[in-house]
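Participant: Residue numbers (full-length UniProt numbering): 1 to 74.
Beta carbons are placed, not taken as given, at the ideal position from N, Cα and C, and that holds for glycine.
1. If you scan the stretch 12-37 from start to end, which runs of the beta strand (DSSP E) of 3 or more residues do you find wholly inside it?
2. Drop a sphere of 10 angstroms on the beta-carbon of residue 4, count the other beta-carbons inside from all chains shown, and report buried for 16 or more, exposed for fewer.
3. In whole angstroms, give me the CA-to-CA distance for residue 106 and residue 62.
4. Cα separation between residue 8 and residue 30?
5. With 16 other CB atoms within 10 Å as the buried threshold, where does residue 40 fall?
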């Protein structure tokens, strides 16, 4: 059995996409196991009942990602 963990959502910034089943990929600020909060991109089930795999980023990593995306021609 996997170890239990605690998390606190400290901010919700927006939805990147939503599946037909209602799962949303969102950017949030989350504190994991009472540690300093990090920016988090992951999928969430309707009503936040479950979460999918995701990625956490420090403020510096998020800023670097922003710079990288701004430099791309999309």
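Facilitator: So, to answer that:
1. 24-32
2. Locating residue 4 in the chain shown gives position 4, counting from the first residue. That one is exposed.
3. The structure shown does not extend to residue 106, since the chain spans only 1 to 74, so no value can be given for it.
4. As a position in the chain shown, residue 8 is number 8, starting the count at 1. As a position in the chain shown, residue 30 is number 30, starting the count at 1. Taking the straight line from one Cα to the other gives about 6 angstroms.
5. One-based indexing of the chain shown puts residue 40 at position 40. So residue 40 ends up on the buried side.
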